[in-house]
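Undergrad: Input: one structure, supplied below.
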Amino acid sequence: MTLFSPESHEPLTSTAWDADSVRFAIARVVADVEAAFDSGWPVHAADDYEFLTTKRLRSVYLGGAGVVDALHRLARRGFVDLSRDYVSYLEECAVAPMDFSDSDDTRSLSFGETGIRLVLQRLAPSTANHSRLAELIDANANDEHCELMSGSAGTILAGREAGVDVTTSVEWLRSQRDGDGLWTQRGLGETPLRFLGAAHGFAGCVLALGDVGGVSDTLRRHAVEEDGLVNWPGVAGSTLLDNSDKRIRVQWCHGAPGIVATIGPLLDEDLALGGGELTWRAGPLEKGGGLCHGTAGNGYAFLALFDRTGDELWLTRARAFAMHALEQLQYQRYSLWTGCLGTALYLADSIDGGGALPIP
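Residue numbering for the sequence shown follows our numbering, beginning at 51 and increasing consecutively.
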């Protein structure tokens with residue numbers, strides 16, 4: 051048995067960790083991003099889906115709100131100085147059509163107005179924006195996605211940050227937990243599914259709710275273990291290879307890296323370490339350096355384990371992945387979760403020796 055698909059990964063770069071090179075790369079990313087601004091940023095060919103409503107995406111996940119959020123995260127931490135003010139741009143994004151024409155993403159943290167208004171509230175707090183944000187979060191309380199990106203798990207996190215009462219959302223999401231400890235996701239396709247990972251399933255719900263009890267036991271029942279390594283299938287009851295391309299997922303969105311990075315403190319140590327070791331053995335992802343399904347997203351599992359154990363081995367591994375992600379940078383892929391901005395945040399966290407993915 052194997053717990054990863056070698057063809058989905060690359061040999062790790064031999065380039066040694068160099069904080070100065072990493073800082074230079076972050077500055078270069080930001081300079082390129084600011085220079086490219088023109089009522090938003092052009093969509094990259096790899097993110098150009100059939101149902102897009104615009105070639106200047108606006109959402110947190112793929113669009114301008116995520117770009118602006120990353121820029122300000124880096125600026126607040128002293129990595130860069132910004133040359134533009136993006137408040138008016140965010141205000142325009144908040145009232146524009148959503149990115150995808152085939153779904154109702156208005157309330158979504160990752161794809162909709164909620165995420166845009168949360169970023170706007172960070173930059174330019176206002177009563178009117180806060181009221182609309184609270185309205186969106188309340189309206190999402192009983193959302194049947196039961197996951198982080200579009201469901202109430204994501205808007206619970208947004209509400210907590212914004213000081214919105216999310217009691218109804220929390221109580222409803224808790225009530226939807228199945229008898230075996232998982233959640234059922236509806237609205238992500240024709241068939242209800244029970245995802246395990248961070249983006250669409252169990253780990254994202256737990257991130258929003260905290261220790262709901264039995265977290266590690268639930269994941270242990272679905273873990274695939276071999277010689278001290280651990281991975282999880284995307285969907286409960288499936289095999290690791292039950293994917294359209296017959297490749298095993300070792301990513302933030304599906305698989306061990308995302309589970310360890312997102313809810314690692316709630317896992318039994320052998321599961322957390324086994325997931326981290328698998329991520330290291332598999333190596334950087336050939337898909338690129340991004341967060342959702344790239345090398346940077348996987349590297350956050352190492353930072354989580356360094357925080358948990360204090361073992362410098364995990365920081366060394368995180369920085370090795372950072373150097374590889376730096377070599378994978380796609381400077382014209384302007385997005386937080388698939389492109390250069392998420393990679394830049396991971397590079398910054400690798401310099402600082404700790405950090406978490408930008409959720410919410």
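Here a beta-carbon is modelled for each residue, glycine too, at the ideal position from N, C-alpha and C. Keep in mind the model is a prediction, meaning the values are calculated, not measured.
1. Taking 8 Å as the cut-off, does the segment 148-164 touch the segment 124-137 (at least 3 CB pairs, one atom from each stretch)?
2. Considering just the uninterrupted stretch of the beta strand (DSSP E) at V280, what are its terminal residues?
3. Which residues bound the alpha helix (DSSP H) around V79?
4. Among E100, L291, D88 and P410, which one has its Cα closest to the Cα of L257?
5. Tell me the DSSP secondary structure of Q380 in three-state form.
6. Based on DSSP bridge pairs, tell me the residues matched to V220.
7. Rounded to the nearest angstrom, what separates P408 and T52 at their Cα positions?
8. Considering just the uninterrupted stretch of the beta strand (DSSP E) at E319, what are its terminal residues?
9. Just to confirm the assignment: which complete alpha helix (DSSP H) runs, minimum length 4, are found wholly within the segment 142-228?
10. Whole angstroms is fine: what's the gap from G247's alpha carbon to T312's?
11. Does DSSP put L232 in a helix, in a strand, or in coil?
12. So, helix, strand or coil for H59, using DSSP?
13. Do E60 and G287 have their C-beta atoms within less than 8 Å of each other?
14. Run through the DSSP bridge pairs and tell me what E275 is partnered with.
15. Under the three-state reduction of DSSP, which class applies to V300: helix, strand or coil?
16. Report all residues from its chain with a CB closer than 7 Å to the CB of A144; omit the five preceding and five following residues, and keep chain order.
17. Among residues of its own chain, excluding the 5 on either side of H180, which ones have a beta-carbon nearer than 7 Å to its beta-carbon?
18. Taking just the CA atoms, how far does D295 sit from I187?
19. Can you give the Cα-Cα distance for L238 and E377, rounded to whole angstroms?
20. By Cβ distance below 6 Å, which residues in the same chain neighbour E194 in space, the five residues on each side in sequence not counted?
21. Could you check the C-alpha separation between T104 and E142 for me, to the nearest Å?
22. For L386, which three-state DSSP category applies?
23. In angstroms with no decimal places, state the Cα-to-Cα distance between D42 and A322.
24. Decide yes or no for the touch test of the segment 303-319 against the segment 70-85: beta carbon pairs closer than 8 Å, at least 3 of them.
TA: Here's the rundown:
1. no
2. L279 to N281
3. A69 to A86
4. P410
5. coil
6. According to DSSP, which records beta bridges pairwise, V220 is partnered with nothing at all.
7. 31 Å
8. Per DSSP, E319 belongs to no beta strand (DSSP E); it is in the alpha helix (DSSP H), E319 to A332.
9. 163-173, 177-189, 202-212 and 217-225
10. 9 Å
11. coil
12. strand
13. no
14. V280
15. coil
16. E163, I166, R167 and L170
17. Q171 and A212
18. 36 Å
19. 34 Å
20. R236 and G237
21. 14 Å
22. coil
23. What is shown of the chain runs 51 to 410, which leaves residue 42 out entirely.
24. no
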